[in-house]
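What follows is a short report on a single structure.
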Amino acid sequence: MNKNAIITGLIIFVLAVLSPFWFNMITATQAAPEPKLLGKAKTEKNCVLNKYEMRANHMALLDEWRDSVVRNADRMYESANGHSFNMSLSTGENSCLGCHEDKTKFCDKCHTYASVDPYCWECHTNPKEIR
Amino acid sequence: MMEKSRRSFLKVAGIAAIGLGAAPAMNFAASDSHGTAHAVKSKNKKALHAQRWGMVIDTNKITDEVVESIVEACHKAHNVPDFNIEVDEKKYPNTRPVNHKQEVKWIWEEEFHNAFPDKEDEFLAEKFHDLPFLVTCNHCKNAPCVQACPTQATFKREDGIVMMDFHRCIGCRFCMAACPFGSRNFNFRDPRPFIEEVNPTFPTRSKGVVEKCNFCAERLAKGELPHCVEASEGAIVFGDLEDSESDIRVLLNENYTIRRKQSLGTEPSVYYIM
Amino acid sequence: MLEIAIKGSKNYWLWIVFLLAVMGAGGIFYIDQFMNGLMTTGMSRDVSWGFYIANFTFLVGVAAGGVMVVIPYYLHDYEKFHRITILGEFLAVASLIMCLLFIIVDLGQPTRAFNVMLYPSPKSMLFYDMLVLNGYLFLNIVVGWKILEAERNQVEPAWWTKPLIYLSIPFAIGIHTVTAYLYCGLPGRGFWLTAILAPRFLASAFAAGPAFLIILCYIIRKFTKFDPGWEAMQTLSKIVCYALIANLFFFVCEVFVSYYSNIPSHKAHVQYLLFGYHGYHALVPWMWTSMILMTTGAIFLLIPPLRNNKTLLPFTCAMIIFGVWIDKALGMISGGFVPSPLHHVTEYAPTGPEIMISFGVYAIGFLVLTILYKLATQVKEEVRG
Numbered sequence: 002m003n004k005n006a007i008i009t010g011l012i013i014f015v016l017a018v019l020s021p022f023w024f025n026m027i028t029a030t031q032a033a034p035e036p037k038l039l040g041k042a043k044t045e046k047n048c049v050l051n052k053y054e055m056r057a058n059h060m061a062l063l064d065e066w067r068d069s070v071v072r073n074a075d076r077m078y079e080s081a082n083g084h085s086f087n088m089s090l091s092t093g094e095n096s097c098l099g100c101h102e103d104k105t106k107f108c109d110k111c112h113t114y115a116s117v118d119p120y121c122w123e124c125h126t127n128p129k130e131i132r
Numbered sequence: 023m024m025e026k027s028r029r030s031f032l033k034v035a036g037i038a039a040i041g042l043g044a045a046p047a048m049n050f051a052a053s054d055s056h057g058t059a060h061a062v063k064s065k066n067k068k069a070l071h072a073q074r075w076g077m078v079i080d081t082n083k084i085t086d087e088v089v090e091s092i093v094e095a096c097h098k099a100h101n102v103p104d105f106n107i108e109v110d111e112k113k114y115p116n117t118r119p120v121n122h123k124q125e126v127k128w129i130w131e132e133e134f135h136n137a138f139p140d141k142e143d144e145f146l147a148e149k150f151h152d153l154p155f156l157v158t159c160n161h162c163k164n165a166p167c168v169q170a171c172p173t174q175a176t177f178k179r180e181d182g183i184v185m186m187d188f189h190r191c192i193g194c195r196f197c198m199a200a201c202p203f204g205s206r207n208f209n210f211r212d213p214r215p216f217i218e219e220v221n222p223t224f225p226t227r228s229k230g231v232v233e234k235c236n237f238c239a240e241r242l243a244k245g246e247l248p249h250c251v252e253a254s255e256g257a258i259v260f261g262d263l264e265d266s267e268s269d270i271r272v273l274l275n276e277n278y279t280i281r282r283k284q285s286l287g288t289e290p291s292v293y294y295i296m
Numbered sequence: 022m023l024e025i026a027i028k029g030s031k032n033y034w035l036w037i038v039f040l041l042a043v044m045g046a047g048g049i050f051y052i053d054q055f056m057n058g059l060m061t062t063g064m065s066r067d068v069s070w071g072f073y074i075a076n077f078t079f080l081v082g083v084a085a086g087g088v089m090v091v092i093p094y095y096l097h098d099y100e101k102f103h104r105i106t107i108l109g110e111f112l113a114v115a116s117l118i119m120c121l122l123f124i125i126v127d128l129g130q131p132t133r134a135f136n137v138m139l140y141p142s143p144k145s146m147l148f149y150d151m152l153v154l155n156g157y158l159f160l161n162i163v164v165g166w167k168i169l170e171a172e173r174n175q176v177e178p179a180w181w182t183k184p185l186i187y188l189s190i191p192f193a194i195g196i197h198t199v200t201a202y203l204y205c206g207l208p209g210r211g212f213w214l215t216a217i218l219a220p221r222f223l224a225s226a227f228a229a230g231p232a233f234l235i236i237l238c239y240i241i242r243k244f245t246k247f248d249p250g251w252e253a254m255q256t257l258s259k260i261v262c263y264a265l266i267a268n269l270f271f272f273v274c275e276v277f278v279s280y281y282s283n284i285p286s287h288k289a290h291v292q293y294l295l296f297g298y299h300g301y302h303a304l305v306p307w308m309w310t311s312m313i314l315m316t317t318g319a320i321f322l323l324i325p326p327l328r329n330n331k332t333l334l335p336f337t338c339a340m341i342i343f344g345v346w347i348d349k350a351l352g353m354i355s356g357g358f359v360p361s362p363l364h365h366v367t368e369y370a371p372t373g374p375e376i377m378i379s380f381g382v383y384a385i386g387f388l389v390l391t392i393l394y395k396l397a398t399q400v401k402e403e404v405r406g
């Protein structure tokens, strides 16, 4: 009698644990969105690091940047590929949004898809939104 | 026996789980895969430098109009919320009523006996009675707030500026208890609805962090003087206290100046010409 | 051992459900505070700490008070405390959990709380407070649990519990000393800037902690078959008495120094608390209530027939706890902030949500306390039966 109960329990457990897979099987999977490169970012081929590293590690880079700006007052960044940047999310030509222009078409594209909600924008402003 | 072995299995499993959890973190810490090792970080070429920034306020030149324009220039540029404005209901629906005791201010006006409570005097010269005294963060040499902060979110820069790292602040408000000048503010709520016109070049703050005057570090980095100095019509002079040739030292040499609560030994960097 | 906690009478479960309901209500208000910020509290730019930190300070005292049973028993082999040491240790555990929760609910950015460990700041007293509070919590959990387990199995406790017990004594003193250092090392706050703050905190802790323990002993006697022992309670009440008198004496010293020296930045705060300042006197009735409660409590405990009166004792203890709570929680925190460093007066009163969240925290603490005490009393009943 115990055996049956245990096995039923195990089956339910396995089914529950694998539920994300079942969910994906019955719903249509959305393809990962492509963030839109606009304006300067479209013509300029080089970001701070190459595309793949930016994709994987931009949050670490931004973390490093904010420490550098706030804590060491170093605001200029010359990357290994020889380009120099103003270490800022949204201020000026040489900042992230200075090149990528539109937060909603760039940052938010992936963040929304991956359902991450970085708190950058609680304080930093998207110049587009203000206008 | 069964009891015993299950127990030791769980112990081993627990330790293994910790190891598994720690591995990615250790890997990330050890790797330099983000290729930032060869990057060079530097200051802007135009940036202003000092050993210890300081400020001299000439109380003779401060009038109500000057005060008003200084406060406005500072608060506008730094996105300091004004809780007296009418909130845009369309943009920020259901904004709750304001508790004005939870205000935020970086630089403001006080009467003499509030700015200098230890110098209260019943026979104080009459002109000082009605004079507006501008007060702000003193960027103390021995800042109690820096000492108190449990995360180094408030810290002292090399140039003497007492800075806030809004990213790191946990909102414990120990620094507010530590400051003898009441210069610190806490964001009891999201300030955005109360900023009439956001300055996009400076961040707003989120709820739950402390903020205060930063001696316009963002302007010094571009080679410009603080907003209050520019708006003061010559009443505020800014410069390097450690440089004996600087304008500010010449002024200190030629005038009788006082500082707030000198007896506490925090060594404020803001001086007042009387 | 935990299985003991899931078997209980109807009253036990009613009490648990009641605590869960209070926790739930507090939780709802906390969610609102978490979403909208500390604007839901009565705190302000001038009074930047309030009810949460006040209760935190008080509870650190209750936790430290547990050492008043540990010292006599383990250092002086005072056998009468044999049965209640575990109660002291478990009371410390529950109080410390409440302390840590009060800190968390007071944070503006609670999700960043671990920054305190990520960026250790040896110059900040809060850093040390975090260390000693967690250390003392850990020691009490381990020691209490191990000793109770040994008692249940009727074996000697593991040899290493002894050094941990000895270590917990300086930790108990440490938690309250460091908590006092949070306040008394700040240059601009005349009320707190006094070397006697840490001794005063300890004195009031050694009054409130054991007084609470006495009340808990009464409750245990009423609801379980375990008897903590009247003589142990008598000794406790003497400890409460002397600690309370020390606290009152320290307070008199404080008042004397601020009034006789007449230094405004020190006097203004005492003035505000006891007589009102520039027409503001929200705390005056509270402070006098506290003084009356504590003085009466001390007198009741000094006179042997009154102290030995079994019906009066719990009421005396309740008076003392409430008196110390007002003095140390309400008065100590608000009194330090009013008047402000610029000599403005902004008064403080907690808001409804603030009080509800505090009740929620207390409910969590009492839940932990109930479960731990249930274990302790049941094990002791089993062993004796």
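Protein chains in written order, with my numbering: chain A, 2 to 132; chain G, 23 to 296; chain C, 22 to 406. Glycine is no exception: its CB is placed at the ideal position from the N, C-alpha and C atoms.
With C-beta atoms as the reference, is residue 267 of chain C less than 8 Å away from residue 224 of chain C?
Yes, the Cβ-Cβ distance between residue 267 of chain C and residue 224 of chain C is below 8 Å.
Counting Cβ pairs, one atom from each stretch, are 3 or more of them under 8 Å apart for the region 225-236 of chain G and the region 182-198 of chain G?
Yes: the two stretches touch, three or more of their Cβ pairs being nearer than 8 Å.
Under the assumption that residue 115 of chain C contacts residue 386 of chain C (Cβ atoms under 8 Å), give the Cβ distance between them as a whole number of angstroms.
Confirmed, Cβ separation roughly 5 Å.
Along the chain, where does the beta strand (DSSP E) containing residue 129 of chain G start, and where does it finish?
It spans 129-132 - the beta strand (DSSP E) in which residue 129 of chain G sits, taken as one unbroken run.
Using the three-state DSSP reduction, which class does residue 233 of chain C fall into: helix, strand or coil?
Three-state DSSP puts residue 233 of chain C in a helix.
Could you tell me the distance, in whole angstroms, from the CA atom of residue 77 of chain C to the CA atom of residue 373 of chain C?
If I take the Cα positions, the gap works out to 18 Å.
Would you decide whether residue 293 of chain G is buried or exposed? Buried here means 16 or more other CB atoms lie within 10 Å of its CB.
So residue 293 of chain G counts as buried.
Helix, strand or coil for residue 233 of chain G, going by three-state DSSP, please let me know.
Strand, per DSSP.
Going along the chain, which residues of its own chain have a beta-carbon closer than 8 Å to the beta-carbon of residue 55 of chain G, five neighbours each way excluded?
Low per-residue confidence applies at residue 55 of chain G: pLDDT is 47, beneath 50, and the placement is therefore not dependable, though the value from the model is reported in the following sentence. Here the set comprises nothing.
Any beta carbon from chain G within less than 8 Å of residue 103 of chain A's own beta carbon?
No, its Cβ sits nowhere closer than 8 Å to a Cβ of chain G.
Say whether the region 343-361 of chain C touches the region 302-311 of chain C, bearing in mind that this needs 3 or more beta-carbon pairs closer than 8 Å, one atom from each stretch.
Flag = yes, the region 343-361 of chain C and the region 302-311 of chain C touch.
Report the rounded CA-to-CA distance for residue 158 of chain C versus residue 85 of chain A, giving the unit in angstroms.
Each residue's alpha carbon lies about 51 Å from the other.
I'd like to check one pair, residue 199 of chain C with residue 192 of chain G: are the Cβ atoms closer than 8 Å?
No, these two residues do not count as a Cβ contact at 8 Å.
Against chain G, which members of the region 346-374 of chain C pass a CB distance test of less than 7 Å?
For the region 346-374 of chain C, which is checked against every Cβ of chain G, the residues closer than 7 Å are 361, 362, 363, 364, 365, 367.
Buried or exposed, going by whether 16 or more other CB atoms sit within 10 Å of the CB of residue 89 of chain G?
With 16 or more Cβ atoms within 10 Å of its Cβ, residue 89 of chain G is classed as buried.
Which residues in the same chain as residue 215 of chain G place their Cβ atom closer than 6 Å to its Cβ, once the five residues preceding and following it in sequence are excluded?
So the list reads 109, 114, 117, once near-sequence residues are dropped.
Looking at chain G, is there any beta carbon in it that lies within less than 8 Å of the beta carbon of residue 76 of chain A?
Yes, residue 76 of chain A lies at the interface with chain G (some Cβ there is under 8 Å from its Cβ).
Tell me the rounded alpha-carbon separation between residue 182 of chain C and residue 163 of chain C.
Rounded to whole angstroms, residue 182 of chain C to residue 163 of chain C spans 8 Å at the Cα level.
With DSSP as the reference, label residue 79 of chain A as helix, strand or coil.
Here residue 79 of chain A sits in strand by DSSP.
What residue range does the beta strand (DSSP E) around residue 80 of chain G cover?
Looking at the DSSP string, the run of the beta strand (DSSP E) that includes residue 80 of chain G is 75-80.
Check whether the Cβ atoms of residue 204 of chain G and residue 67 of chain C lie closer than 8 Å to each other.
Contact: yes.
What do you get for residue 130 of chain C, buried or exposed, if any count of 16 or more other CB atoms within 10 angstroms of its CB means buried?
Buried, by the Cβ-count rule.
Use the C-beta contact count for residue 94 of chain G: other C-beta atoms within 10 angstroms, 16 or more gives buried, fewer gives exposed.
Classification for residue 94 of chain G: exposed.
What's the gap between the Cα of residue 391 of chain C and the Cα of residue 24 of chain A?
Roughly 43 Å between the two C-alpha positions.
Taking its Cβ as the centre, do 16 or more other Cβ atoms sit within 10 Å of residue 395 of chain C, making it buried, or is it exposed?
Classification of residue 395 of chain C: buried, given that the 10 Å Cβ count is 16 or more.
Exposed or buried, what is residue 83 of chain A when buried is set at 16 or more other beta-carbons lying within 10 Å of its beta-carbon?
Counting Cβ neighbours within 10 Å, residue 83 of chain A comes out exposed, since fewer than 16 surround it.
Distance cutoff 8 Å, beta carbons only. Does residue 14 of chain G sit that close to anything in chain C?
This structure cannot settle anything about residue 14 of chain G, because the visible part of chain G is limited to 23 through 296.
Could you please give me the residues that DSSP links to residue 292 of chain G through a beta bridge?
Answer is G/77.
Given that a residue counts as buried once 16 or more other Cβ atoms are within 10 Å of its Cβ, and exposed if not, what is residue 23 of chain G?
Here residue 23 of chain G scores only 45 on pLDDT, less than 50, and its place in the model should not be relied on; the value that follows carries that caveat. With fewer than 16 other Cβ atoms within 10 Å, it is exposed.
List in chain order: all unbroken alpha helix (DSSP H) runs of 4+ residues lying wholly within the region 26-50 of chain A.
As far as the region 26-50 of chain A is concerned, its whole alpha helix (DSSP H) runs of at least 4 residues are 40-44.
Hey, how far is the Cα of residue 122 of chain A from the Cα of residue 104 of chain A?
Distance between the alpha carbons of residue 122 of chain A and residue 104 of chain A: 10 Å.
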